[in-house]
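Counting from -2, one number per residue, gives the positions in the sequence shown under this note's numbering.
We treat Cβ as the ideally placed atom computed from N, Cα and C, and that holds for glycine.
Heads up: the structure comes next, in structure tokens.
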Amino acid sequence: MHNPTSILKDLVKQVHDPDLAKEERRGIPSVCSAHPVVLEAALRRAARNKTPVLIEATCNQVNQEGGYTGMTPADFRNLVTSIAERVSCPIDAVILGGDHLGPNPWKHLPPEDAMARAGQMVEAYASAGFLKLHLDTSMGCAGEPAALADAVVAERAAFLASRAEAVAPGMAVYVVGTEVPVPGGAQEALDHLVPTTAHAARSTATITREIFSRTLSEEVWSRVLALVVQPGVEFGVENTIFYERRKARDLVETLDELPGIIFEAHSTDYQTVGNLRSLVEDGFSVLKVGPALTFALREALFSLDGLASVLRPERTSLVSVLNDIMRANPSFWKDHYDSDRADTLCLYSYSDRIRYYWTHPNVQRAVSSLLGDLEETGLPDPLISQFLPKLYERVRTGEIPREGKALVLAAVEDVLDDYSVACAPSKQA
């Protein structure tokens, strides 16, 4: 049996254990996706390896108003639970979290209105049994500057924590702070990134502790286990900024001054395994990954689409369906991609804005049609080698079933495998 909060608290203990070498530190990946196939891949791995799995929904994906997935927190919990039951993953192995919970979906409103809705969202997450809550109140709302003072951010985070405590007292563990650029990847090409300064990390922790302890209690503050900071990692539409631990040295050393706290790293997608391992050794014990998972899913589906089109040239391709729908409904990508390169970026960008379109009925029908075509035509070895070379040998040996969905699951699991290696002590990796 897994105790979800104990798993997270153990990560804190090891970072602050003076007798434990950095090379022996463990981490945990945080699967930030609402796509059912990604969730199934994560839950299958957890069942097979008998390990816990941390799954998080974001404020824009899932909220009391439905988010862009149409799901409330209770709906998302039910989706995860149903998939876990289907793949024989013990539900006590699943830790549910909420990411960037705050006024972001409603920041176009006056702060009082935006925070009222954010409070309703946090209540919905806590009521649905989400145990790890990232409270992100860093953004300005209508009439406010884009960035707010630390004290204002902390007061608003404490307000949101009070809403969680009102419906599920003593249950949640909290994460505070945010990273820059915005979650989901930068909107432009990047060539460098400055890590959070040691002073900024200390200031955020100090002010937040003072306000939580004064307005809530020391006990609630004791359940603030992680601080989101920028370690110097990010991805843009076509490039990645890799972790350079020398640049984050001062930030990492502040952990010695923050008892009971670990760092949480966002936007770790597309890092090398070695860089991910370095992050874990440096105290970034929670590694968020999202777009890289749906990017792998998209790659596999597009490869299968190409394979199927060789066998049935007359079929309507999934790629063409997606391209038409994204062009007709540009709201999820128009502020992220240059219009003169949209043809390429909509389908292939690291930012993977395509993930917002998988729930469109026409896209769902196209995916079902693709998988149905593959059942009828089969998956010949030479075409698997051509279109899915990374999976080819495992299909031939029978490790991966010769089925379209199995190949997509395997592609997503390969990304999760990299995170699993990075989160294991070096001597076990």
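Please classify residue i: is it buried, with 16 or more other beta-carbons within 10 angstroms of its beta-carbon, or exposed?
i, result
"A419", "buried"
"G229", "buried"
"A407", "buried"
"L224", "buried"
"N101", "buried"
"E261", "buried"
"P15", "exposed"
"S214", "exposed"
"I397", "buried"
"V392", "buried"
"E390", "exposed"
"A183", "Note that A183 scores a pLDDT of 49, beneath 50, so its modelled location is shaky; the value from the coordinates is reported in the next line. A183 comes out buried."
"R362", "exposed"
"L380", "buried"
Short of 7 Å in beta carbon distance, which residues of its chain neighbour residue i, apart from the five on each side in sequence? Order them along the chain.
i, result
"D370", "A305, R309, R312"
"Q61", "T69, Q117, M118, A121"
"E185", "With a pLDDT of 47 at E185, under the threshold of 50, the predicted position of this residue should be treated as unreliable, and no value is reported."
"Y267", "F232, T237, A289, Y347"
"F156", "M112, G116"
Given residue i, which residues of its chain have a CB within under 6 Å of its CB, disregarding the five upstream and five downstream residues?
i, result
"D411", "none"
"L190", "G229, E231, I238"
"A143", "G137"
"F384", "S300, G303, L304"
Nearest CA to the CA of residue i: which residue from the options?
i, options, result
"R160", "F127, P192, E120, E235", "E120"
"A38", "G63, V12, V77, M68", "V77"
"D147", "V409, L273, V316, I208", "I208"
"K10", "S282, S365, F329, W355", "S282"
"T193", "E216, L248, M168", "L248"
"R41", "L367, M136, V84, E373", "V84"
"S328", "E241, K19, E141, Y65", "Y65"
"V421", "H13, T2, A18, R22", "Note on residue identity: the sequence assigns Ala, not Val, to residue 421. Nearest of H13, T2, A18, R22 to A421, Cα basis: R22."
"R211", "A139, F384, A151", "A151"
"L273", "F292, R242, R246", "R242"
"E141", "V35, E109, A197", "E109"
"A81", "A123, L106, L36, S124", "L36"
Less than 8 Å between the CB atoms is what I'm expecting for residue i and residue j, so what's the real figure, rounded?
i, j, result
"L433", "Y354", "In the structure as shown, the chain begins at -2 and stops at 426. Residue 433 is therefore absent and cannot be evaluated."
"A202", "I258", "6 Å"
"T205", "L128", "Not confirmed; about 20 Å, so no contact."
"A165", "S124", "7 Å"
Give me, in chain order, the residues of the same chain whose beta-carbon lies closer than 8 Å to that of residue i; leave out the 5 immediate sequence neighbours on both sides.
i, result
"L367", "L298, L301, D302, A305, L315, G401"
"A440", "Nothing can be reported for residue 440: it is not among the residues displayed for the chain, which extend from -2 to 426."
> Quick check: the segment 39 to 56 against the segment 91 to 98, are there 3 or more CB pairs under 8 Å?
Replying inline: Judged by Cβ distances under 8 Å, the segment 39 to 56 makes contact with the segment 91 to 98, as three or more pairs qualify.
>> Could you check whether the segment 335 to 355 touches the segment 285 to 297, counting it as contact only if at least three pairs of C-beta atoms, one from each stretch, sit closer than 8 Å?
In response: Segments in contact, yes.
>> With a threshold of 8 Å, are at least 3 pairs of Cβ atoms found where one atom belongs to the segment 127 to 138 and the other to the segment 167 to 176?
In response: Yes, they touch.
>> If contact is defined by three or more beta carbon pairs under 8 Å, each pair taking one atom from either stretch, is the segment 284 to 292 in contact with the segment 20 to 39?
In response: Contact holds: three or more Cβ-Cβ distances are below 8 Å.
> Does the segment 29 to 38 come within contact of the segment 271 to 279, defined as at least 3 CB pairs closer than 8 Å?
Replying inline: The count of Cβ pairs closer than 8 Å, one atom from the segment 29 to 38 and one from the segment 271 to 279, stays below three, leaving the stretches out of contact.
> Does the segment -1 to 13 come close enough to the segment 37 to 47 that 3 or more CB-CB pairs lie under 8 Å?
Replying inline: Taking a contact to require three or more Cβ pairs closer than 8 Å, the segment 37 to 47 and the segment -1 to 13 do not qualify as touching.
> Should the segment 346 to 366 be regarded as contacting the segment 226 to 241, the criterion being three or more beta carbon pairs within less than 8 Å?
Replying inline: Three or more pairs of CB atoms, one per stretch, sit closer than 8 Å, so the segment 346 to 366 contacts the segment 226 to 241.
> Are at least three pairs of beta-carbons, each pair with one atom in the segment 208 to 226 and one in the segment 331 to 340, less than 8 Å apart?
Replying inline: Not touching, per the Cβ criterion.
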